[in-house]
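Chains as they are written, first to last, in our numbering: chain A, 57 to 460; chain B, 15 to 417. Note that beta-carbon positions come from the ideal geometry of N, C-alpha and C, so glycine has one too. Predicted, not measured: the structure shown is a model, and the values here were computed from it.
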Amino acid sequence: MTLPLEGVRVADFSWVVAGPFTTQALALMGAEVIRIESSVHTDINRRLPPAAEGELGIERSGLWHGLNLNKKSVTLNLATAEAQALAREIVARCDIAVENFSFGQLEKFNLGFDRLREVNPEVIFVTSSGLGRTGPYREYVTFGPPLTAYTGLASLTGQDGGQPERWVGGLWCDHQAGMTSLFGLLAALEHRDRTGEGQMVEYSMAEAIAGQLPEALIEFGVTGDVPGPRGNVDPGMCPHGIYRAAGNDRWVAIAVQNDFDWERFLEVLGGPAWLEDSQFATVEGRLRQRGEIDRAVEAWTRLQSPEDSASLLQNAAISAGPVAKVEDLLANPHLRAAGFFYTQEHPEVGARELAGLGWNMAATQNLPIKHAPLLGENNWEVFVDWLGLPAERFAEHVASGIIV
Amino acid sequence: MGGLTTVKGALAGTRIVEWSSGRPAAYAGKLLRGLGAEVTILEEDGVRIGAFAPGPVPGAAKQFEARTRFLHGGKRSAAFDPSATASRELARALLSKADILVMDQHLPAAKQAGMSPEELQKQFPRLIIVSISLAGPGESARNLRYSDLVAHAISGIAFGTPSRVPDIETHPPLKPGGYQADYSCGLHAAIAALLGLQLRRRTDTGQLVHISALEMLASYMRIDIAYLTYGAATAATASGGDRQSPTGRFSTIWGLVPCKDGYYAFQASEQYQWASLMKTMGDPEWAKDPRYADPTNRTLLWDEIEPHVVEWSMAHSKADIFHTAQANHVPVFPCYTVEELINDRQQSARAFFTSLPDGEMDNLVRVPGAIVHLERTPWRPSFEPPAYGEHTAEVTRELESAG
Numbered sequence: 057m058t059l060p061l062e063g064v065r066v067a068d069f070s071w072v073v074a075g076p077f078t079t080q081a082l083a084l085m086g087a088e089v090i091r092i093e094s095s096v097h098t099d100i101n102r103r104l105p106p107a108a109e110g111e112l113g114i115e116r117s118g119l120w121h122g123l124n125l126n127k128k129s130v131t132l133n134l135a136t137a138e139a140q141a142l143a144r145e146i147v148a149r150c151d152i153a154v155e156n157f158s159f160g161q162l163e164k165f166n167l168g169f170d171r172l173r174e175v176n177p178e179v180i181f182v183t184s185s186g187l188g189r190t191g192p193y194r195e196y197v198t199f200g201p202p203l204t205a206y207t208g209l210a211s212l213t214g215q216d217g218g219q220p221e222r223w224v225g226g227l228w229c230d231h232q233a234g235m236t237s238l239f240g241l242l243a244a245l246e247h248r249d250r251t252g253e254g255q256m257v258e259y260s261m262a263e264a265i266a267g268q269l270p271e272a273l274i275e276f277g278v279t280g281d282v283p284g285p286r287g288n289v290d291p292g293m294c295p296h297g298i299y300r301a302a303g304n305d306r307w308v309a310i311a312v313q314n315d316f317d318w319e320r321f322l323e324v325l326g327g328p329a330w331l332e333d334s335q336f337a338t339v340e341g342r343l344r345q346r347g348e349i350d351r352a353v354e355a356w357t358r359l360q361s362p363e364d365s366a367s368l369l370q371n372a373a374i375s376a377g378p379v380a381k382v383e384d385l386l387a388n389p390h391l392r393a394a395g396f397f398y399t400q401e402h403p404e405v406g407a408r409e410l411a412g413l414g415w416n417m418a419a420t421q422n423l424p425i426k427h428a429p430l431l432g433e434n435n436w437e438v439f440v441d442w443l444g445l446p447a448e449r450f451a452e453h454v455a456s457g458i459i460v
Numbered sequence: 015m016g017g018l019t020t021v022k023g024a025l026a027g028t029r030i031v032e033w034s035s036g037r038p039a040a041y042a043g044k045l046l047r048g049l050g051a052e053v054t055i056l057e058e059d060g061v062r063i064g065a066f067a068p069g070p071v072p073g074a075a076k077q078f079e080a081r082t083r084f085l086h087g088g089k090r091s092a093a094f095d096p097s098a099t100a101s102r103e104l105a106r107a108l109l110s111k112a113d114i115l116v117m118d119q120h121l122p123a124a125k126q127a128g129m130s131p132e133e134l135q136k137q138f139p140r141l142i143i144v145s146i147s148l149a150g151p152g153e154s155a156r157n158l159r160y161s162d163l164v165a166h167a168i169s170g171i172a173f174g175t176p177s178r179v180p181d182i183e184t185h186p187p188l189k190p191g192g193y194q195a196d197y198s199c200g201l202h203a204a205i206a207a208l209l210g211l212q213l214r215r216r217t218d219t220g221q222l223v224h225i226s227a228l229e230m231l232a233s234y235m236r237i238d239i240a241y242l243t244y245g246a247a248t249a250a251t252a253s254g255g256d257r258q259s260p261t262g263r264f265s266t267i268w269g270l271v272p273c274k275d276g277y278y279a280f281q282a283s284e285q286y287q288w289a290s291l292m293k294t295m296g297d298p299e300w301a302k303d304p305r306y307a308d309p310t311n312r313t314l315l316w317d318e319i320e321p322h323v324v325e326w327s328m329a330h331s332k333a334d335i336f337h338t339a340q341a342n343h344v345p346v347f348p349c350y351t352v353e354e355l356i357n358d359r360q361q362s363a364r365a366f367f368t369s370l371p372d373g374e375m376d377n378l379v380r381v382p383g384a385i386v387h388l389e390r391t392p393w394r395p396s397f398e399p400p401a402y403g404e405h406t407a408e409v410t411r412e413l414e415s416a417g
């Protein structure tokens with residue numbers, strides 16, 4: 057089966073989460089992705105948990121594995137001119153180069169866009185940072201989780217009327233930024249395929265997150281009121297919430313999205329009778345007594361498992377679902393049926409399941425999965441077989457700490 | 015409400031049909047329109063108000079108008095009635111000339127109209143079809159009704175969002191603020207459309223791509239999932255799994271900390287970052303406790319450490335902490351409201367936010383601009399939305415003249 061990005065080559069200078077998430081998607085879609093690493097300054101994710109069976113080691117991190125499937129790894133000491141030249145040779149043979157170092161770092165390695173464009177005028181160069189490559193804070197350092205606070209998203213996330221939430225599930229900022237990058241990169245690839253022109257693609261992680269907050273900005277612009285956390289409340293829907301279910305810390309989410317939904321919802325609920333009052337037939341009426349309605353809904357949801365409540369409601373075409381914990385995802389029949397999880401056979405940690413991607417198409421069913429590369433696993437293949445470096449020269453570079 | 019603006023970009027000449035019932039497909043259409051594609055909405059009467067109206071809130075009409083400008087600007091609208099034969103024929107004629115269809119219809123309803131993605135794939139083999147749903151097209155999933163809230167719930171995002179809750183009984187799992195599942199589904203649909211174009215270039219055939227909100231959001235839970243599959247934790251202590259843990263994470267120290275005028279956030283995963291944070295705080299005596307030397311210990315002892323950090327923070331503003339800590343290379347950020355964000359110097363310099371062109375609102379409404387910058391083919395926003403069905407006749411004429 058032909059994959060969407062077969063024949064595309066990527067020089068991957070990225071690290072941590074956002075950049076590697078982008079390039080893993082490219083690799084899984086068929087691109088040949090060469091991760092340019094260093095054994096001196098390894099990607100922090102090679103050293104972070106979760107480590108297989110809790111035993112730390114640069115080849116044991118599930119965090120790193122989950123972001124680097126199907127890639128190749130070479131190791132270069134980019135502080136040396138010879139390593140920089142080899143890196144430029146790799147880029148010269150690639151369609152795309154991706155980096156997310158701190159501001160100016162790649163330029164210090166003589167690998168900035170101007171240098172790369174000299175060796176490959178058609179290259180697509182993807183560069184990113186927390187707050188962007190321009191502006192007064194361009195040199196500010198970033199991790200995704202604290203950046204969430206800057207973007208406004210934390211100020212909108214929290215219990216209704218409460219304080220901002222310290223964490224948004226799923227390492228939100230990094231993954232969202234990675235997909236924003238992929239969108240821009242694929243657009244540039246489309247243009248390159250049509251015209252032969254490469255270009256720079258730049259984005260800021262903060263803008264990738266704030267770009268998805270138009271409603272809050274519009275609310276502020278129109279009313280002058282600064283929106284804050286609303287919990288699971290929606291100002292235009294009722295009932296709309298996450299309700300306690302039978303069991304310890306079990307919950308069910310229910311969204312009655314319009315007045316037609318409400319009619320069917322009442323039939324499923326089967327009472328109490330006061331809910332059938334005509335004043336609740338419209339969302340305006342229901343929102344006026346949201347607290348009472350939520351209590352009535354929860355009196356019903358507490359009697360049964362979240363799966364049972366959700367099933368009854370979904371059978372009536374009302375959006376509902378059990379609140380999943382992480383272990384529930386691994387058992388989720390829809391994810392299993394869709395082939396969402398990939399299994400890598402890793403030389404050091406064995407067979408491990410890892411999360412897949414957010415789209416599904418016939419062309420990418422039963423993808424061949426290659427384990428996340430060992431550090432420098434593909435040095436010989438890339439430098440000798442591909443770039444044509446003589447074997448003796450390769451050995452000299454290894455001995456002199458250029459290929460490390 | 016206005017005409018079209020011509021935007022040339024990476025997708026100039028690409029024809030897209032958007033059959034949207036909510037934000038997800040509408041946002042995908044917006045993103046692709048920003049790349050220069052021609053986007054025509056197959057628009058059912060009343061869908062727009064159902065999807066974009068904010069509810070009975072102050073300024074509801076203006077908010078609805080602004081949301082419509084943001085999401086539907088620059089598109090065409092062809093009135094569509096799936097129950098009418100003539101309307102379905104017009105839709106099929108439009109699809110026969112299109113490159114991409116983006117849809118977020120409830121799959122049983124699409125099937126009832128004879129326009130399920132699978133049926134359309136058979137009829138239009140070169141068409142790239144991107145279908146957004148709650149949990150995909152599987153037999154037991156395709157009937158499930160989508161919503162932003164439920165997408166976050168079933169994918170693990172909601173359970174992983176609140177941390178350090180004082181009482182799990184009274185603090186439910188949370189969806190992130192705004193409509194993150196809606197927009198992220200739209201972003202993924204736009205990505206899928208671009209992947210479809212790549213695949214068609216290689217195979218000369220279209221492709222049906224499913225965006226399941228469940229899969230899309232679960233893909234963001236990859237680290238939490240790896241905690242379980244690597245045997246590194248029980249479910250109760252997996253990243254994001256313990257809603258009452260001191261830091262919300264057990265792998266790294268970070269937090270949202272109160273200060274003189276609000277909150278700020280930091281992350282000190284690396285030893286040098288912790289040392290730099292302490293330097294920012296004036297190298298306090300308490301930090302020299304040898305138990306705090308190890309990063310894992312610091313995370314476990316965060317309940318003990320936090321009061322010291324707060325005591326210092328309460329004497330400083332979030333702006334002071336932000337800039338001072340960043341000068342010491344510590345990832346620290348202020349917790350901004352949307353008002354503070356749009357007035358931030360960095361955002362002003364990058365001109366990320368843009369004003370909606372509406373005299374009545376006196377340009378007070380700022381919305382996000384380009385989320386990614388393409389040097390040669392910039393992504394460009396459009397804010398003039400079509401009226402419902404405004405281009406039905408135009409589309410009909412075009413199709414007739416094209417034969």
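**Report entry** Exposed unless 16 or more other CB atoms sit within 10 angstroms - verdict on residue 164 (chain A)
**Finding:** Counting other Cβ atoms within 10 Å of its Cβ, residue 164 (chain A) stays below 16 and is therefore classed as exposed.
Report task. For residue 281 (chain B), return the contacting residues in chain A, with the cut-off set at a CB-CB distance below 8 Å. Result -> Result: 199, 201, 202.
**Report entry** For residue 284 (chain A), the nearest candidate out of A:97, A:70, A:98, A:214 (CA to CA)
**Finding:** If we check each option's Cα against that of residue 284 (chain A), A:214 comes out closest.
Query raised in the report: In this structure, what does DSSP give as the bridge partners for residue 273 (chain B)?
Result: Bridge partners of residue 273 (chain B): B:276.
Query raised in the report: Quick one: what does DSSP say residue 164 (chain A) is sitting in, helix, strand or coil?
Result: When secondary structure is reduced to three states using DSSP, residue 164 (chain A) falls in the helix class.
Requested in this report: For chain B, find out if any of its Cβ atoms is closer than 8 Å to the Cβ of residue 257 (chain A); answer yes or no.
Outcome: So yes, residue 257 (chain A) belongs to the interface.
**Report entry** Beta-carbon proximity list for residue 327 (chain B), same chain, < 8 Å, skipping 5 on both sides
**Finding:** The residues are 271, 272, 273, 274, 278, 335.
Query raised in the report: By the 10 Å Cβ neighbour count, where 16 or more other Cβ atoms means buried, how is residue 330 (chain A) classified, buried or exposed?
Result: Exposed, because fewer than 16 other Cβ atoms sit within 10 Å of the Cβ of residue 330 (chain A).
Report task. Check the Cβ of residue 349 (chain B) against every Cβ in chain A and list those closer than 7 Å, keeping chain order. Result -> In chain order: 205, 210, 211, 220.
Query raised in the report: How long is the line joining the alpha carbons of residue 262 (chain B) and residue 235 (chain B), rounded to whole angstroms?
Result: Reliability of the predicted coordinates at residue 262 (chain B) is poor, the pLDDT of 49 falling under 50, and the value obtained from them is presented with this limitation in mind. Straight across, the Cα-Cα distance linking residue 262 (chain B) with residue 235 (chain B) is about 15 Å.
Requested in this report: Below 7 Å CB to CB, which residues in the same chain sit around residue 57 (chain B) once its five sequence neighbours on both sides are set aside?
Outcome: Answer for residue 57 (chain B): 91, 92, 93, 94, 402, 403, listed in chain order.
Report task. Leaving out five residues on either side along the sequence, give the residues of the same chain with a beta carbon under 7 Å from the beta carbon of residue 61 (chain A). Result -> 82, 85, 86, 87, listed in sequence order.
Query raised in the report: So residue 228 (chain A) and residue 206 (chain B) are in contact, right, with Cβ under 8 Å, and what is the actual spacing, rounded?
Result: Between residue 206 (chain B) and residue 228 (chain A) the Cβ distance is about 20 Å, and since that is not below 8 Å, they are no contact.
Query raised in the report: Any idea which residues DSSP pairs residue 332 (chain B) with across the strands?
Result: None; residue 332 (chain B) has no bridge partner.
Query raised in the report: Can you list, in chain order, the residues of its chain whose CB lies under 7 Å from that of residue 338 (chain B), leaving out five sequence neighbours each side?
Result: For residue 338 (chain B), where only same-chain residues beyond five positions count, the Cβ hits under 7 Å are 294.
Report task. Flag this pair as yes or no: are the beta carbons of residue 96 (chain A) and residue 66 (chain A) separated by less than 8 Å? Result -> Against a cut-off of 8 Å, the Cβ pair of residue 66 (chain A) and residue 96 (chain A) comes out as no contact.
Query raised in the report: Excluding the five sequence neighbours on either side, which residues of its own chain have a C-beta within less than 7 Å of the C-beta of residue 425 (chain A), listed in chain order?
Result: Contacts found: 125, 126, 398, 399, 400.
Query - Beta-carbon proximity of residue 34 (chain B) to residue 118 (chain B), cut-off 8 Å - result: Yes, these two residues count as a Cβ contact at 8 Å.
Report task. Could you spell out the range, first to last residue, of the beta strand (DSSP E) harbouring residue 382 (chain B)? Result -> Looking at the DSSP string, the run of the beta strand (DSSP E) that includes residue 382 (chain B) is 380-382.
Query raised in the report: Considering only the beta carbon of each residue, do residue 298 (chain A) and residue 186 (chain B) sit closer than 8 Å?
Result: Yes, the Cβ-Cβ distance between residue 298 (chain A) and residue 186 (chain B) is below 8 Å.
Query raised in the report: Sorted by chain position, which residues of the same chain lie with C-beta nearer than 7 Å to residue 116 (chain B)'s C-beta, five sequence neighbours on each side aside?
Result: Excluding positions up to five away in sequence, the list reads 30, 32, 39, 42, 43, 144, 203, 207.
Query - Whole-Å CB distance - residue 66 (chain B) paired with residue 45 (chain B), under 8 Å assumed - result: Between residue 66 (chain B) and residue 45 (chain B), the beta carbon gap of about 17 Å keeps them out of contact (Cβ cut-off 8 Å).
Requested in this report: Look at the Cβ atom of residue 226 (chain B), then the Cβ atom of residue 130 (chain B), and state whether they are nearer than 8 Å.
Outcome: No.
Requested in this report: Following the continuous alpha helix (DSSP H) through residue 327 (chain B), name the residue where it begins and the one where it ends.
Outcome: Counting along the chain, the alpha helix (DSSP H) containing residue 327 (chain B) begins and ends at 316-327.
Query - For residue 265 (chain A) and residue 325 (chain A), believed in contact at Cβ under 8 Å, the rounded distance - result: The C-beta distance from residue 325 (chain A) to residue 265 (chain A) rounds to 37 Å, too long to fall under 8 Å, and the pair is not in contact.
Query - Beta-carbon proximity of residue 379 (chain B) to residue 280 (chain B), cut-off 8 Å - result: No; because the gap between Cβ atoms is not below 8 Å, this pair is not in contact.
**Report entry** Distance, residue 129 (chain A) Cα to residue 432 (chain A) Cα
**Finding:** Annotation: residue 432 (chain A) to residue 129 (chain A) spans about 5 Å, alpha carbon to alpha carbon.
Query - Pick from A:234, A:194, A:246 that is closest to residue 179 (chain A), judged by C-alpha positions - result: Considering only alpha carbons, the answer is A:246.
Query - is_contact[residue 67 (chain A), chain B] using C-beta, thresh 8 Å - result: False, the Cβ-Cβ gap to chain B never drops below 8 Å.
Query - Runs of alpha helix (DSSP H) wholly within the region 121-155 of chain B (minimum 4 residues, chain order) - result: 121-126, 131-137, all fully within the region 121-155 of chain B.
**Report entry** Straight-line gap, residue 408 (chain B) to residue 79 (chain B) (C-alpha atoms, nearest Å)
**Finding:** Computed Cα separation, rounded: 24 Å.
Query raised in the report: Within 8 Å (strictly less), CB to CB, does residue 126 (chain B) reach chain D?
Result: Absent from the structure is chain D; the protein chains it does hold are A and B.
Requested in this report: Using a Cβ-Cβ cut-off of 8 Å, state whether residue 330 (chain B) counts as contacting chain A.
Outcome: Residue 330 (chain B) does not count as touching chain A.
Query raised in the report: Interface residues of chain B around residue 375 (chain A) at Cβ under 7 Å?
Result: Near residue 375 (chain A) (Cβ distances below 7 Å), the residues of chain B are 159, 160, 161, 164.
Query raised in the report: Looking at the structure shown, is residue 222 (chain B) part of a helix, part of a strand, or coil, going by DSSP?
Result: Three-state DSSP puts residue 222 (chain B) in a strand.
Query raised in the report: Between the Cα of residue 176 (chain B) and the Cα atoms of B:169, B:228, B:189, which residue gives the shortest distance?
Result: Residue 176 (chain B) has its Cα closest to that of B:189, out of B:169, B:228, B:189.
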